[in-house]
Amino acid sequence: MSYSEVYESWKANPEQFWMEAAKAISWDSAPTKALTDKGDGLYEWFADAKVNTCYNAVDRHVEQGRGEQTAIIYDSPITQTKREISYVELRNRVATLAGALRAKGVEKGDRVIIYMPMIPEALEAMLACARLGAVHSVVFGGFAANELAVRIDDAKPKAIIAASCGLEPGRTVHYKPLLDGAIDLANHKPDFCVIFQREQEVAELVPGRDVNWHGFQYGVEPAECVPVEGNHPSYILYTSGTTGQPKGVIRHTAGQLVALNWTMKNIYNVDPGDVFWAASDVGWVVGHSYICYGPLIHGNTTIVFEGKPVGTPDAGTFWRVISEHKVKSFFTAPTAFRAVKREDPKGEYVKKYDLSCLKQVYLAGERADPDTITWAQEQLQVPVVDHWWQTETGWSIAANPLGIEELPTKLGSPAVPMPGYDVEILDEGGNPVAAGELGAIAVKLPLPPGTLPTLWNAEERFKKSYLNTFPGYYETGDAGMKDEDGYLYIMARTDDVINVAGHRLSTGAMEEVLAGHPDVAECAVIGVSDSLKGQMPVGFLCLNSGCETAHEDVVSQVVKLVREKIGPVAAFKLACVVDRLPKTRSGKILRGTMVNIADGTPWKMPATIDDPAILDEITTALQGLGYAKQ
5 MSYSEVYESW KANPEQFWME AAKAISWDSA PTKALTDKGD GLYEWFADAK
55 VNTCYNAVDR HVEQGRGEQT AIIYDSPITQ TKREISYVEL RNRVATLAGA
105 LRAKGVEKGD RVIIYMPMIP EALEAMLACA RLGAVHSVVF GGFAANELAV
155 RIDDAKPKAI IAASCGLEPG RTVHYKPLLD GAIDLANHKP DFCVIFQREQ
205 EVAELVPGRD VNWHGFQYGV EPAECVPVEG NHPSYILYTS GTTGQPKGVI
255 RHTAGQLVAL NWTMKNIYNV DPGDVFWAAS DVGWVVGHSY ICYGPLIHGN
305 TTIVFEGKPV GTPDAGTFWR VISEHKVKSF FTAPTAFRAV KREDPKGEYV
355 KKYDLSCLKQ VYLAGERADP DTITWAQEQL QVPVVDHWWQ TETGWSIAAN
405 PLGIEELPTK LGSPAVPMPG YDVEILDEGG NPVAAGELGA IAVKLPLPPG
455 TLPTLWNAEE RFKKSYLNTF PGYYETGDAG MKDEDGYLYI MARTDDVINV
505 AGHRLSTGAM EEVLAGHPDV AECAVIGVSD SLKGQMPVGF LCLNSGCETA
555 HEDVVSQVVK LVREKIGPVA AFKLACVVDR LPKTRSGKIL RGTMVNIADG
605 TPWKMPATID DPAILDEITT ALQGLGYAKQ
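To convert, note that position 333 of the sequence shown is 337 in the working numbering; the numbers rise steadily by one, no gaps.
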């Protein structure tokens, strides 16, 4: 079947489509119906089923005779360690860890916070919770104590599983003092903490509360998989809310199983046994969906990578890992490719490795600018798919579904909506706009399986955040357009659409122009307050290493380019060269914080920022342009 036939078959009978997809899951008690409408915009999928995520991700592959297949490859250029864990070994390790947690009182429905770096034990902790029906909440390792405390108070975990430390190039991140500080700050106190001691740093255990990962598993009875209801929460994943209070996105067990399993072949084009690598972190949604659950449910080999795209040791790390471990599908963030491209614009490192195993590359996390996609296509000679989704959705809203049909690539577009997503572009009154017009991107309810059914203990906030603006729709918070072929273009977050003298303009479109300059490795455009025009765009440019053009020449050239390609209406006159852009650890540029600095409005240090010192450089650059007045 072609993409359009598959999409139309979903549209014609959504419930039948997903019941068919559900046949690939091993149920304790199969669902009798697909969708339950709870009213008021709330829906649940496969609610009456009984199933266990860990059984589907681990045990069934062993029982089907594939126990010796590698489940997890751990590759850490930072510690120079490599390790392979088979499905049978993974089952035994997870069952023992689950047994030890159960012996200390963790049961179905209890919450467990996981605070770990990119090591296989992080996945084992997630799967052990799933085995018991406990609800895990992974918090990015090294997250600030006060932010971790907020999550402890919201999730109220019975236990916290943490590592003694995380490792960054050239430094050790001390997790245990952060964890101790968070527990001191939190009103809720966990019953116990499990600490995985890494050889790079052995943490001090608090007597009576902390237990050693290895020690507490000694001599316990391994746990069997506990069947849970289809609408039982699998996990809580906190995403930053606009109020500064994090939003606990939850994922229901059955919907996640069905949706993620469906995506592995249809979108990522891998078969059971193939090696799949998502170069992300377990603290993010990509780590949940496509390092841990998706690949393992589908019977793939997944890679846990502890390193960086550059600097561990060089810009060839991605290609080494792909070549060495025979990766078929690779998924990373555009910002990672931009970092590699900046260090190695001509792709010298690419040529050093045999990449014949690699069949496709996927980019997500923020807009993939056409220049980055073109560079990757030229270097790798495989399809490079920009696909678009969110923490809330858990899997692709729009993609090029290579496992169904390879559609033509349109630069700047994550292609077409996936089955389950009926996407509309709406004006401020909630009316669909014409093809090619910019508007708010919304998805008709119900959302498909595997997406968020609500927020953890915050149903009203869920409705206010996502459902109330456009009744009958899920509001994505992104702005963009659809072309005459139905391809989507995600131009900016809704609040990144700026209004220059009455003209609604996308900062993403301007960034696309700046990124097309041969000397620009990475860029960001923000809208700053202007007394005459309402808002004015300001550009920040990071240049390729070895760039010989004078900075002021690059600036005047990009100003001219924006004038040529977008027009004088953009009023783009100000840009500056900076060494780095402020980002979250997942690679998203902190444009909102940059706007607050420029406008002199109060702002809070983002919890997920990778390096706070960069904001000082941005402030200085803005002051040089006449903004960021004290």
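Cβ coordinates follow ideal geometry from the N, Cα and C atoms, glycine included.
Values in this document were obtained by computation on a predicted structure and should not be read as measured data.
Using the Cβ count rule (16 or more neighbours within 10 Å means buried), how would you classify residue i?
| i | result |
| --- | --- |
| residue 275 | exposed |
| residue 428 | buried |
| residue 292 | buried |
| residue 212 | exposed |
| residue 256 | buried |
| residue 221 | buried |
| residue 550 | exposed |
| residue 573 | exposed |
| residue 397 | buried |
| residue 452 | buried |
| residue 193 | exposed |
| residue 286 | buried |
| residue 218 | exposed |
| residue 347 | buried |
| residue 33 | exposed |
| residue 372 | buried |
| residue 278 | buried |
| residue 206 | exposed |
| residue 56 | buried |
| residue 472 | exposed |
| residue 503 | exposed |
| residue 480 | buried |
| residue 135 | buried |
| residue 610 | buried |
| residue 87 | exposed |
Just tell me which of the options has its CA closest to the CA of residue i.
| i | options | result |
| --- | --- | --- |
| residue 28 | 8, 567, 260 and 156 | 260 |
| residue 439 | 287, 490 and 193 | 490 |
| residue 5 | 407, 536 and 301 | 407 |
| residue 395 | 251, 511 and 625 | 251 |
| residue 382 | 598, 322, 351 and 331 | 351 |
| residue 326 | 145, 282, 299 and 183 | 282 |
| residue 379 | 363, 354, 461 and 402 | 354 |
| residue 22 | 267, 601 and 405 | 267 |
| residue 214 | 518, 181 and 65 | 181 |
| residue 289 | 311, 168 and 240 | 240 |
| residue 168 | 123, 450, 559 and 141 | 123 |
| residue 436 | 476, 522 and 539 | 476 |
| residue 171 | 158, 196, 201 and 48 | 201 |
| residue 80 | 464, 343 and 329 | 329 |
| residue 585 | 272, 619 and 197 | 619 |
| residue 390 | 474, 235 and 492 | 492 |
| residue 583 | 258, 548, 603 and 311 | 548 |
| residue 89 | 102, 73, 101 and 103 | 73 |
| residue 542 | 554, 47 and 566 | 566 |
| residue 606 | 633, 334, 629 and 625 | 633 |
| residue 52 | 43, 44, 37 and 59 | 37 |
In whole angstroms, give me the CA-to-CA distance for residue i and residue j.
| i | j | result |
| --- | --- | --- |
| residue 174 | residue 41 | 52 Å |
| residue 534 | residue 455 | 39 Å |
| residue 608 | residue 360 | 46 Å |
| residue 462 | residue 145 | 25 Å |
| residue 19 | residue 423 | 11 Å |
| residue 233 | residue 466 | 22 Å |
| residue 50 | residue 199 | 36 Å |
| residue 519 | residue 224 | 56 Å |
| residue 185 | residue 162 | 17 Å |
| residue 93 | residue 231 | 22 Å |
| residue 47 | residue 458 | 9 Å |
| residue 318 | residue 112 | 45 Å |
Quick check: does the Cβ of residue i come within less than 7 Å of any heavy atom belonging to the ligand MN?
| i | result |
| --- | --- |
| residue 452 | The ligand MN is not among the ligands present in this structure, which contains no ligands whatsoever. |
Contact check, residue i vs residue j under 8 Å by CB: the rounded distance?
| i | j | result |
| --- | --- | --- |
| residue 264 | residue 307 | About 17 Å separates the two Cβ atoms, so there is no contact after all. |
| residue 525 | residue 544 | Incorrect: roughly 12 Å between the Cβ atoms, too far for contact. |
| residue 401 | residue 366 | Actually they are not in contact, since the Cβ atoms of residue 401 and residue 366 sit about 14 Å apart, beyond 8 Å. |
| residue 598 | residue 570 | Not quite, the Cβ-Cβ distance comes to about 20 Å (not below 8 Å), so this is no contact. |
| residue 635 | residue 384 | What is shown of the chain runs 5 to 634, which leaves residue 635 out entirely. |
| residue 341 | residue 376 | 5 Å |
| residue 482 | residue 445 | 5 Å |
Between the region 583–592 and the region 609–617, do at least 3 Cβ pairs fall closer than 8 Å? yes
At a cut of 8 Å, does the region 145–155 reach the region 184–199 through at least three beta carbon pairs? yes
Taking contact to mean 3 or more Cβ pairs, one atom from each stretch, closer than 8 Å, check whether the region 503–521 and the region 571–586 are in contact. yes
Stretch-stretch touch, CB-based, cutoff 8 Å, three pairs: the region 109–119 with the region 127–143: yes
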